[in-house]
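Input: a single structure, listed below in structure tokens.
Below, the structure is given as structure tokens:
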């Protein structure tokens, strides 16, 4: 309204009326399509000219993995901080993982695909997708573990959902909509919405300290840890299968925002 313009409500394909969280959208199709493109091309389609992105190969404890880096930011210290934050989800899983066979772990890391979901002067959202289809137990899902990460490009810091929304209010909305069970703040699917990977993994290992954790059980449990990313006019919550992601139009939850809405 400050620009004397009207912003269209970001409708979900096939929507006929009131927002329903289980009326699935189609952004997972865009995710799959964009992941066929190089990161540099995705960045060209997204960016507003403030900075660029490219794909690199990083290393942690002898394991190599693809990730994204930004360039073109005047403050080089901030740029380095952002680039390290963009690697942190994968580093946390490698440093805190339970793989006894490094070849199997490297095989998983080789299967990472990247989606540049949102790129503006204020926000950057990226999704890392890890294929786990070699494990037969995952056939009931799409065999993909999606990890969303969002960076505040002004501060150079990663943000979690409670940095963007008033935590109690957005949680109550989730509960009312039937998306999560009340009281499930730090467990189950909510895990990576309000916690980093490192925080959630440490909590997980503490809970399971008296249980033998296998590679399959580890992947199975982490598959349920939902994460999120930003999209133009929407909040996307990544679930166990892309077609089941929660695609939430921002007008539905804008009253709980702690930051300016992202419609550009």
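Residue numbers (this note's numbering): 379 to 642.
Yeah, the Cβ is synthetic: ideal placement off N, Cα and C, and Gly gets one too.
It should be emphasised that the depicted structure is a prediction, and the values quoted were computed from it without experimental measurement.
Exercise. Can you have a look at residue 450 and say buried or exposed, based on whether 16 or more other CB atoms are within 10 angstroms of its CB?
Key: Indexing the chain shown from 1 puts residue 450 at position 72. Answer is exposed; the Cβ neighbour count stays below 16.
Exercise. Give the secondary structure of residue 641 by DSSP, where H, G and I count as helix, E and B as strand, and everything else as coil.
Key: Residue mapping note: residue 641 aligns to position 263 of the chain shown, counting from 1. In the structure shown, residue 641 sits in coil (DSSP, three-state: anything other than H, G, I, E or B).
Quiz prompt | Beta-carbon proximity list for residue 401, same chain, < 6 Å, skipping 5 on both sides | solution = Counting from one through the chain shown, the residue named residue 401 turns up at place 23. So the list is empty, once near-sequence residues are dropped.
Quiz prompt | Continuous alpha helix (DSSP H) assignments of at least 4 residues falling wholly in the stretch 384-464 | solution = For the stretch 384-464, whole alpha helix (DSSP H) runs of length 4 or above, ordered along the chain, are 405-412, 417-424.
Quiz item: Are there three or more Cβ pairs, one per stretch, closer than 8 Å when the stretch 522-532 is compared with the stretch 588-608?
Solution: When Cβ pairs closer than 8 Å are counted between the two stretches, the stretch 522-532 is seen to touch the stretch 588-608, the count reaching three or more.
Quiz item: Is the stretch 493-500 close to the stretch 537-552, with three or more CB pairs under 8 Å?
Solution: The stretch 493-500 is not in contact with the stretch 537-552.
Self-check item: Opposing strand residues paired with residue 708 [DSSP bridges]
Solution: Outside the displayed span of the chain (379 to 642) sits residue 708, for which this structure offers no information.
Self-check item: residue 548 beta carbon near the ligand ADP (any heavy atom closer than 6 Å)
Solution: As presented, the structure is devoid of all ligands, the ligand ADP included, so that no description of it is given.
Self-check item: Inside the stretch 569-627 only - alpha helix (DSSP H) runs reaching at least 4 residues
Solution: Taking only runs of at least 4 residues, the alpha helix (DSSP H) segments lying wholly in the stretch 569-627 are 569-572, 575-585, 593-601.
Quiz item: Excluding sequence positions up to five away, which residues of its chain have a Cβ less than 6 Å from the Cβ of residue 546?
Solution: By one-based count along the chain shown, residue 546 stands at place 168. Excluding positions up to five away in sequence, the list is empty.
Quiz prompt | residue 410 versus residue 638 - alpha carbon distance | solution = What you label residue 410 is simply residue 32 of the chain shown in a count that begins at 1. What you label residue 638 is simply residue 260 of the chain shown in a count that begins at 1. Whole-angstrom Cα-Cα distance: 29 Å.
Self-check item: Enclosing beta strand (DSSP E) for residue 497 [first to last residue]
Solution: Residue 497 sits at position 119 when you count from the first residue of the chain shown. That run of the beta strand (DSSP E) goes 490-497.
Quiz item: What are the start and end residues of the alpha helix (DSSP H) that includes residue 554?
Solution: For this step, residue 554 is matched to residue 176 along the chain shown. That run of the alpha helix (DSSP H) goes 545-554.
Quiz item: What number of angstroms, rounded off, separates the C-alpha of residue 483 from the C-alpha of residue 463?
Solution: On the chain shown, residue 483 is found 105 positions in, with the first residue counted as 1. On the chain shown, residue 463 is found 85 positions in, with the first residue counted as 1. Rounded to the nearest whole angstrom, the C-alpha separation of residue 483 and residue 463 is 21 Å.
Quiz item: From this set, 414, 491, 424, 471, which residue's C-alpha is nearest residue 570's C-alpha?
Solution: Taking the chain shown and counting its residues from 1, the one referred to as residue 570 is at position 192. Considering only alpha carbons, the answer is 471.
Exercise. On the DSSP bridge assignment, give the partners of residue 539 in chain order.
Key: Taking the first residue of the chain shown as 1, we reach residue 539 at position 161. The beta-bridge partner set that DSSP reports for residue 539 is empty.
Quiz prompt | For residue 548 and residue 510, the rounded distance between their alpha carbons | solution = Counted from its first residue, the chain shown places residue 510 at position 132. Counted from its first residue, the chain shown places residue 548 at position 170. Distance between residue 510 and residue 548, taken at the CA atoms: about 31 Å.
Quiz item: Could you give the C-beta distance for residue 543 and residue 636, rounded to a whole number, given that I count them as a contact under 8 Å?
Solution: Locating residue 543 in the chain shown gives position 165, counting from the first residue. Locating residue 636 in the chain shown gives position 258, counting from the first residue. Right, the Cβ-Cβ distance comes to about 6 Å (below 8 Å), so this counts as a contact.
Self-check item: Other residues of its chain near residue 397: CB distance less than 7 Å, five sequence neighbours each side excluded
Solution: Counting from one through the chain shown, the residue named residue 397 turns up at place 19. Closer than 7 Å at Cβ, skipping near neighbours: 627, 630.
Exercise. Report all residues from its chain with a CB closer than 6 Å to the CB of residue 412; omit the five preceding and five following residues, and keep chain order.
Key: Residue mapping note: residue 412 aligns to position 34 of the chain shown, counting from 1. Excluding sequence neighbours, residue 412 sits near 420, 493.
Exercise. Under 6 Å Cβ to Cβ from residue 461, same chain only, skipping five residues before and after it: list those, please.
Key: Reading the chain shown from its first residue, position 83 is the one you call residue 461. If we look at residue 461 and ignore the five residues flanking it on each side, its Cβ neighbours are 447.
Quiz item: Under the rule that 16 or more other beta-carbon atoms within 10 Å means buried, what is residue 600, buried or exposed?
Solution: On the chain shown, residue 600 is found 222 positions in, with the first residue counted as 1. With 16 or more other Cβ atoms inside 10 Å of its own Cβ, residue 600 counts as buried.
Quiz item: In the structure shown, what three-state DSSP assignment does residue 522 receive?
Solution: One-based indexing of the chain shown puts residue 522 at position 144. Three-state DSSP puts residue 522 in a strand.
Practice problem: Can you tell me which of the three DSSP states residue 560 falls into? | Solution: Along the chain shown, read from residue 1 onward, the residue named residue 560 stands at position 182. When DSSP states are grouped into helix, strand and coil, residue 560 belongs to the coil group.
Exercise. May I ask you to list the residues that DSSP assigns as paired with residue 635?
Key: Counting from 1 along the chain shown, the entry for residue 635 is found at position 257. Residue 635 pairs with 543.
Self-check item: Paired residues, beta bridge with residue 509 - DSSP
Solution: As a working note, residue 509 is residue 131 in the chain shown. Paired residue(s): 522.
Exercise. Answer yes or no: do residue 620 and residue 541 have a C-beta to C-beta separation smaller than 7 Å?
Key: The count along the chain shown starts at 1 and reaches residue 620 at position 242. The count along the chain shown starts at 1 and reaches residue 541 at position 163. Going by C-beta atoms, residue 620 is not nearer than 7 Å to residue 541.
Quiz item: Do the CB positions of residue 579 and residue 474 come within less than 7 Å of each other?
Solution: Sequence index remark: in the chain shown, residue 579 carries index 201 (1-based). Sequence index remark: in the chain shown, residue 474 carries index 96 (1-based). For the 7 Å CB-CB criterion, residue 579 and residue 474 form a contact.
Quiz item: For the candidate residues 532, 417, 434, whose alpha-carbon lies nearest to that of residue 456?
Solution: To locate residue 456, count along the chain shown from 1; it is residue 78. Per the C-alpha coordinates, the member of 532, 417, 434 positioned closest to residue 456 is 532.
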